[in-house]
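**Student:**
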Amino acid sequence: MSLFIYNSLSRSKERFEPLLPGMVSMYVCGPTVYGHAHLGHAKSYVSFDIVVRWLRQSGYRVKYIQNITDVGHLTDDADEGEDKITKQAHLEKTDPMEIAQFYTRSFYEDMDRLGILRPNIAPAATAHIPEQIALVERLIKSGHAYESNGNVYFSVKSFNGYGKLSGRTDQDALQSGLRVDVRSDKKELSDFALWKKADERHLMKWNSPWSIGYPGWHLECSAMSMKYLGESLDIHGGGMENKFPHHDCEIAQSEAATGKPYVRYWMHNNMVTINGIKMGKSLKNSVNLKDLFLEIDPLVIRFFILQSHYRSQLDYSETAIRASQTGLEKLRETQNRVRVQKPGKGGFDCTPFAHRFAEAMDDDFNTPVAIAVLFELSKAINTALDSAEGVAENSAKEVLAFFESTAMRTLGLLNHYNSDGYTEAKESWQKLGKVIHILLEMRAEARKNKDFALSDKIRDQLIEAGIEIKDTKEGVSWSSKESS
RNA sequence: GGCGAAGUGGCCGAGUGGUCAGGCAGAGGUCUGCAAAACCUUGUACAGCGGUUCGAAUCCGCUCUUCGCCUCCA
Numbered sequence: 001m002s003l004f005i006y007n008s009l010s011r012s013k014e015r016f017e018p019l020l021p022g023m024v025s026m027y028v029c030g031p032t033v034y035g036h037a038h039l040g041h042a043k044s045y046v047s048f049d050i051v052v053r054w055l056r057q058s059g060y061r062v063k064y065i066q067n068i069t070d071v072g073h074l075t076d077d078a079d080e081g082e083d084k085i086t087k088q089a090h091l092e093k094t095d096p097m098e099i100a101q102f103y104t105r106s107f108y109e110d111m112d113r114l115g116i117l118r119p120n121i122a123p124a125a126t127a128h129i130p131e132q133i134a135l136v137e138r139l140i141k142s143g144h145a146y147e148s149n150g151n152v153y154f155s156v157k158s159f160n161g162y163g164k165l166s167g168r169t170d171q172d173a174l175q176s177g178l179r180v181d182v183r184s185d186k187k188e189l190s191d192f193a194l195w196k197k198a199d200e201r202h203l204m205k206w207n208s209p210w211s212i213g214y215p216g217w218h219l220e221c222s223a224m225s226m227k228y229l230g231e232s233l234d235i236h237g238g239g240m241e242n243k244f245p246h247h248d249c250e251i252a253q254s255e256a257a258t259g260k261p262y263v264r265y266w267m268h269n270n271m272v273t274i275n276g277i278k279m280g281k282s283l284k285n286s287v288n289l290k291d292l293f294l295e296i297d298p299l300v301i302r303f304f305i306l307q308s309h310y311r312s313q314l315d316y317s318e319t320a321i322r323a324s325q326t327g328l329e330k331l332r333e334t335q336n337r338v339r340v341q342k343p344g345k346g347g348f349d350c351t352p353f354a355h356r357f358a359e360a361m362d363d364d365f366n367t368p369v370a371i372a373v374l375f376e377l378s379k380a381i382n383t384a385l386d387s388a389e390g391v392a393e394n395s396a397k398e399v400l401a402f403f404e405s406t407a408m409r410t411l412g413l414l415n416h417y418n419s420d421g422y423t424e425a426k427e428s429w430q431k432l433g434k435v436i437h438i439l440l441e442m443r444a445e446a447r448k449n450k451d452f453a454l455s456d457k458i459r460d461q462l463i464e465a466g467i468e469i470k471d472t473k474e475g476v477s478w479s480s481k482e483s484s
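Letter 86 of the first sequence, counting from 1, is numbered 86 in the working numbering, and no numbers are missing.
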């Protein structure tokens with residue numbers, strides 16, 4: 001069995017083979033930190049978290065880079081427009097660095113709650129200005145870029161194949177009907193900025209050979225990905241809306257500089273929509289994660305996202321999220337039930353399920369199908385537990401191991417402790433378990449005496465405390481309800 | 001206008017030629033002191049019209065509709 005990844009560049013599924021055996025270099029476009037993260041960020045970073053997790057589960061050593069864009073990109077690519085981070089700094093009456101730091105922390109808070117593993121390196125654009133300048137110099141030297149009035153532009157005509165990712169290869173057609181703005185310093189309209197001269201009011205600016213200014217908005221990803229991963233990377237991911245111009249520009253400037261293929265597998269996740277319309281900050285329809293977490297368990301959101309494919313649009317609605325909540329509940333119940341089961345005699349074979357799970361993940365990370373396999377296993381093991389023979393201890397352990405490797409390690413569901421926090425959490429969990437056990441024994445006693453008033457009171461008050469109990473064939477099971 | 005996706009049962013959402021996706025919701029049943037859970041049973045789905053084929057949700061053509069990108073965006 002081998003992994004197939006849909007490569008946006010070739011528009012087809014390709015067998016995945018990293019450049020170096022056993023090692024995967026991976027770069028994903030990170031957020032611009034000028035506001036709290038929304039559901040769209042969640043979809044993107046959950047999607048690539050799955051990629052990283054599955055590659056690691058498959059035995060690869062993955063070096064995962066995700067940048068933080070903390071230099072304000074302009075609101076457009078022309079010579080005018082505002083720097084978004086500076087704009088936010090004005091709004092909040094502080095300076096850009098504080099904005100960037102504040103929203104970076106906010107971003108990781110939210111991503112942590114979604115069970116997203118932190119990248120190995122999270123380089124900030126402002127910390128890599130020298131690398132960006134060096135790349136620009138390299139491009140000027142090789143004739144792919146030109147300086148003009150303190151600005152530096154990439155000459156699109158100098159690079160054969162510009163637009164090959166998005167399919168926008170005919171630059172003359174793109175420009176037809178447009179006239180080169182006489183005030184622009186560009187030679188061609190489709191040329192894009194590598195370095196911009198800053199005006200007086202600009203707060204974030206650096207020295208360079210051309211002017212006191214700031215880097216163009218495509219430059220950081222090329223500079224930082226190549227610094228940490230080399231001139232050819234295995235996987236580059238990002239949102240679909242970044243295919244053009246961002247990723248096409250990245251390809252052009254990187255390949256023009258190195259003469260080597262920049263990225264071997266391009267991956268793009270699709271958008272979150274609300275009522276069929278793309279969610280976006282500028283559209284004012286974005287669902288803030290911090291607000292959503294007040295109502296919904298973050299792992300339910302993760303589950304909701306994974307129930308559709310990363311290349312499909314995901315339409316957000318209250319009812320859809322609630323359906324996911326109930327569904328995830330069901331898987332949790334099953335796992336719990338297997339945990340507390342009374343050993344029986346029947347066997348249970350996980351291997352067909354494990355095969356199908358791996359098959360789904362190997363098929364371009366088809367998480368909806370992988371989750372369907374979990375539900376099918378859930379049904380099968382429940383049926384086995386309901387049967388007269390029950391399930392033998394060994395088999396139950398296998399099922400739990402299966403859940404651990406699939407639902408927990410690969411999909412990051414059913415538990416949101418990271419590896420550091422896990423042991424500690426486990427200990428307090430065990431303590432809680434002992435306390436609940438005492439209460440459950442008291443309740444069992446009451447039930448034996450047909451004192452249902454008392455037994456129901458214990459059950460009701462436990463629910464109020466966030467502990468739900470169920471009388472199953474195997475005895476009483478309990479589970480912690482998320483504070484949703 | 002150019003480039004690119006997509007239209008699946010009440011809702012969400014997989015599926016690329018022939019056997020079942022899966023979840024949620026609904027209906028009936030089993031179990032249970034009650035509750036919850038679980039299990040069983042239950043659905044004439046594939047935008048429309050043509051075509052290819054022994055056979056199409058799946059391939060081809062046309063039509064309609066929706067969405068993304070072409071300014072920043074996960």
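The beta-carbon is built from N, C-alpha and C at its ideal position, and this holds for glycine as well.
Ser-395 and Gly-433 look like a contact to me (Cβ under 8 Å); what is the Cβ gap, rounded to whole Å?
**Tutor:** About 23 Å; that fails the 8 Å criterion.
**Student:** Taking C-beta to C-beta, are Gly-230 and Met-267 nearer than 9 Å?
**Tutor:** No, the pair does not count as a contact, with Cβ atoms beyond the cut-off.
**Student:** Decide if His-41 is buried, meaning its Cβ has at least 16 other Cβ atoms within 10 Å, or exposed.
**Tutor:** Burial call: buried.
**Student:** With a 10 Å radius around its C-beta and 16 neighbouring C-beta atoms as the bar for buried, classify Trp-195 as buried or exposed.
**Tutor:** Looking at its Cβ environment, which holds 16 or more other Cβ atoms inside 10 Å, Trp-195 is buried.
**Student:** I want to check one thing, is the minimum distance from the CB of Asp-248 to the heavy atoms of the ligand FAD below 8 Å?
**Tutor:** In the structure on display, the ligand FAD does not appear, and there are no ligands present to speak of.
**Student:** To the nearest angstrom, report how far apart Ser-455 and Ala-384 are at their CA atoms.
**Tutor:** Approximately 29 Å, taken between the alpha carbons.
**Student:** With a Cβ-Cβ cutoff of 9 Å, do Ser-477 and Asn-336 count as a contact?
**Tutor:** In this structure, Asn-336 lies closer than 9 Å to Ser-477 by Cβ.
**Student:** Going by the DSSP bridge assignment, what does Glu-239 pair with across the sheet?
**Tutor:** The residue you asked about is not Glu; residue 239 is Gly in the sequence shown. Looking at the DSSP assignment, Gly-239 forms a beta bridge with Asn-269.
**Student:** If you drop the 5 nearest sequence neighbours on each side, which residues of the same chain put their C-beta closer than 8 Å to that of Ala-407?
**Tutor:** Contacts found: Leu-331, Gln-335, Leu-374, Leu-413 and Leu-414.
**Student:** Quick check on Ala-486: does DSSP put it in helix, strand or coil?
**Tutor:** This structure cannot settle anything about residue 486, because the visible part of the chain is limited to 1 through 484.
**Student:** Identify every residue that forms a DSSP beta bridge with Gly-213.
**Tutor:** DSSP, once it has assigned bridges, lists Lys-197 and Trp-206 as partnering Gly-213.
**Student:** Note down, one range per segment and in chain order, each alpha helix (DSSP H) of at least 4 residues found wholly within the stretch 100-171.
**Tutor:** Listed in chain order, the complete alpha helix (DSSP H) runs (minimum 4 residues) inside the stretch 100-171 are 129-141.
**Student:** Ile-458 and Met-442: beta carbons closer than 9 Å?
**Tutor:** For Ile-458 and Met-442, yes; Cβs fall inside 9 Å.
**Student:** Count the C-beta pairs between the stretch 11-27 and the stretch 277-288 that are closer than 8 Å, then say yes if the count reaches three, no if not.
**Tutor:** They do not touch, by the three-pair rule.
**Student:** Taking DSSP as the reference, what is the three-state secondary structure of Gly-40?
**Tutor:** Reduced to three states, the DSSP call for Gly-40 is helix.
**Student:** Here's the rule: buried if 16 or more other CB atoms are within 10 angstroms of the residue's CB, otherwise exposed. What is Trp-210?
**Tutor:** Label assigned to Trp-210: buried.
**Student:** Exposed or buried, which one is Leu-39 when buried takes at least 16 other CB atoms within 10 Å?
**Tutor:** Classification for Leu-39: buried.
**Student:** Taking C-alpha atoms, which residue in Lys-431, Gly-390, Pro-96 and Glu-398 lies nearest to Arg-201?
**Tutor:** When each option's Cα is compared against that of Arg-201, the closest is Pro-96.
**Student:** Which residues in the same chain have their Cβ closer than 7 Å to the Cβ of Asp-363, if we skip the five residues on either side of it in sequence?
**Tutor:** Closer than 7 Å at Cβ, skipping near neighbours: Phe-4.
**Student:** Return the residue from the list Ala-323, Asn-270, Met-271 and Phe-159 that minimises the CA-CA distance to Pro-261.
**Tutor:** Considering only alpha carbons, the answer is Phe-159.
**Student:** Can you give the Cα-Cα distance for Thr-94 and Gly-259, rounded to whole angstroms?
**Tutor:** Their Cα atoms are separated by approximately 43 Å.
**Student:** Pop quiz: Ile-296 and Gln-325 are said to be a contact at Cβ under 8 Å. What is the actual Cβ separation, rounded to whole angstroms?
**Tutor:** Indeed they touch by this definition, with Cβ atoms about 7 Å apart.
**Student:** Would you tell me roughly how many angstroms separate the C-alpha atoms of His-144 and Cys-249, rounded to the nearest one?
**Tutor:** Whole-angstrom Cα-Cα distance: 12 Å.
**Student:** Go to Phe-304, then tell me how far its alpha helix (DSSP H) extends in each direction, as first and last residue.
**Tutor:** Unbroken alpha helix (DSSP H) run through Phe-304: 298-306.
**Student:** Assuming the contact rule is C-beta atoms closer than 8 Å, Arg-322 and Leu-400 should be a hit. Round their C-beta distance to whole Å, please.
**Tutor:** Not quite, the Cβ-Cβ distance comes to about 28 Å (not below 8 Å), so this is no contact.
**Student:** Please state the DSSP three-state secondary structure of Leu-411.
**Tutor:** Three-state DSSP puts Leu-411 in coil, outside helix and strand.
**Student:** Residues in its own chain within less than 6 Å of Lys-448 by CB, not counting five upstream and five downstream?
**Tutor:** Here the set comprises nothing.
**Student:** Buried or exposed: which applies to Trp-429, given that a residue is buried once 16 or more other Cβ atoms fall within 10 Å of its Cβ?
**Tutor:** Per the 10 Å Cβ criterion, exposed.
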